[in-house]
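Following: one structure in structure tokens, then a few remarks.
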DNA sequence: TCCTTAATAGTCATCCTGACTATAAAAGGG
DNA sequence: CCCTTTTATAGTCAGGATGACTATTAAGGA
């Protein structure tokens, strides 16, 4: 990137280097969490045209002195009210960039989309007036403004895929969690039930995925035998991967 | 996205919707091919400051009326002289967007990077004055202008990963190819030798990956027993994946 | 003709996974 | 207090997939 306009770039001859085509650059965030065994996404209600009153993914303009990733973290902090330290450390994944010329009816805007995973469910308290932010079940997130349904679908697919070969799932969990909760994350994001013994075997057989927490098997909450607690381990990748059960042969 | 500047986006209060921060948007292309059992990348020599005279990835400004993907295809056609039809059909993969504020010393430029795979080795004949385009062995592609070494590294990693779970490798091959040539693609991109019988077994066991070509086992070229010919099949994904031999346990 | 090279056919043991069965430890209802 | 329900956890078992090898076939070159 950052090319000089010149003949071979396709710019018109005699093109002035400073007279580049002007674009606005924004970020859009697909912030996901697992809540009550359902995948939720953070949505805001638009207060401005176009799509005034419609639900949309949070986002905003990239400022002149920050990268798109920095803008995404700033917007995330503003929308959720999470502490700077929390936002600074959580996983932000750049999805892709959407640049169709007609994405925005007012002007040429390209948007860099990010996906973020949040542990539990801190009700969003927008930094300023953002009581307009709400957790919405993923399947209820329609219609959305602009091409945000597409972005959300891409985010969902990317997260589903990354669960297969990374330890990302622990990002959906609190600091200490049970294997049942971790399994719930997979089942919720993938939308399929998993066999508890097999899931347990696989997770425990992957070095560095999770670490046992010493204490008693406290923290039941519901019925059933109390489960042991684990925390996220140092590993970041899964070898071999934990594949979605899709190629099922009966 | 395409957001209206407003208080909750982080824009200054009273911000005028049209006075968005101005950015230039470019595309950069990591065009890869396998040539003489080595991975090559298409580089151009810069004729303008900054980095005048340095090698760089081909690319250029996105025009006001085209998407980044369309700009990438246009630039690719201009740099390689490939036919419009060829360029229109080959696989272009959006990598990610690079937006560090200091990427370009002259102005604020964000660049959408793409990776492309080309079959054999059509010596690049730039559309206009682009005799400045050259195939360069991937490991010789340094130093490069701007952050292009980083982009190239990201492209290499992305392609390596996609070879594992997609049929992308056939994109490096001509219309008809031998399993040895296909294996060569994997070995070259991954930089590791693969066991020929095992590779063959895996490829043939994946439905739709390749289809046998009827004719005689023509097209030898070198020594050894002549190999049967295949063409790309209809499948696009590999289930289960063909994983890189990295987690080797001795 | 002998040697080298590369494709292709098989073998074998191991690892991983999906499908199940069984046991343990809680909560809740009668 | 006993019984049922629920969830966690321990094992078992067969089949598929893979890595490591051996063997055979069919060219080219010296």
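Protein chains in written order, with the working numbering: chain B, 1 to 250; chain E, 251 to 500. Backbone N, C-alpha and C fix where the C-beta goes; we use that ideal spot for every residue, glycine too.
The stretch 405 to 414 of chain E makes no contact with the stretch 309 to 324 of chain E; the number of CB pairs closer than 8 Å stays below 3. Against chain E, the CB of residue 96 of chain B has a partner CB under 7 Å away; the residue lies at that interface. If you keep only unbroken beta strand (DSSP E) runs of at least 3 residues inside the stretch 23 to 90 of chain B, you get 24 to 35, 38 to 45, 59 to 61. For the stretch 96 to 122 of chain B, the set of residues with a beta-carbon nearer than 9 Å to any beta-carbon of chain E comprises 96, 97, 98, 99, 100, 101, 103, 104, 105, 106, 107, 108, 109, 110, 111, 112, 113, in chain order. Nearest neighbour of residue 107 of chain B by Cα position, chosen from B/227, B/196, B/25, turns out to be B/25. Short of 6 Å from the beta carbon of residue 180 of chain B, and not among the five residues preceding or following it, lie these beta carbons of its own chain, in chain order: 227. The Cβ of residue 207 of chain B sits no closer than 7 Å to any Cβ of chain E.
Where residue 428 of chain E is concerned, the enclosing beta strand (DSSP E) starts and stops at 426 to 428. Judged by DSSP in its simplified three-state form, residue 160 of chain B adopts helix. At a C-beta separation below 7 Å, residue 67 of chain B has these neighbours in chain E: 349, 350, 351. The shortest CA-to-CA distance from residue 151 of chain B to any of B/90, B/176, B/116 is the one to B/116.
For residue 275 of chain E, the closest Cβ of chain B is nearer than 7 Å. Annotation: Cβ neighbours of residue 20 of chain B in chain E (cutoff 9 Å, chain order): 272, 273, 274, 275, 276, 311, 357, 359. Going by DSSP, residue 454 of chain E is part of the alpha helix (DSSP H) stretching over 446 to 455. Nearest CB-CB separation between residue 64 of chain B and chain E: below the 7 Å threshold. In terms of Cα proximity to residue 426 of chain E, the closest of E/483, E/302, E/396 is E/483. Within 9 Å of the CB of residue 484 of chain E, no CB atom of chain B is found; the nearest one sits about 16 Å away. Taking residue 199 of chain B as the centre and dropping the five residues before and after it, the same chain places the C-beta of 183 closer than 6 Å to its C-beta, in chain order. If you check the CB distance, residue 388 of chain E and residue 284 of chain E do not come in under 7 Å. Considering only beta carbons, no part of the stretch 176 to 196 of chain B lies closer than 7 Å to chain E. Counting along the chain, residue 359 of chain E sits inside the beta strand (DSSP E) bounded by residues 359 to 367. Annotation for residue 53 of chain B: 45, 46 place their beta carbon closer than 7 Å to its own, counting only its chain and skipping 5 residues before and after.
Ranked by Cα distance from residue 369 of chain E, the first of E/491, E/341, E/452, E/345 is E/341. In the DSSP assignment, residue 386 of chain E falls within the beta strand (DSSP E) that extends over 383 to 387. In this chain, the beta strand (DSSP E) harbouring residue 482 of chain E covers 479 to 482. For the set B/93, B/142, B/144, B/224, the Cα lying nearest the Cα of residue 163 of chain B is the one of B/93. C-alpha of residue 83 of chain B to C-alpha of residue 442 of chain E: approximately 45 Å in a straight line. The residues 237, 238, 241, in chain order, have a CB closer than 7 Å to that of residue 165 of chain B in the same chain once the five nearest residues on each side in sequence are set aside. Residue 210 of chain B carries a strand assignment under DSSP once its states are collapsed to helix, strand and coil. Pairing residue 23 of chain B with residue 273 of chain E gives a Cβ-Cβ distance under 7 Å.
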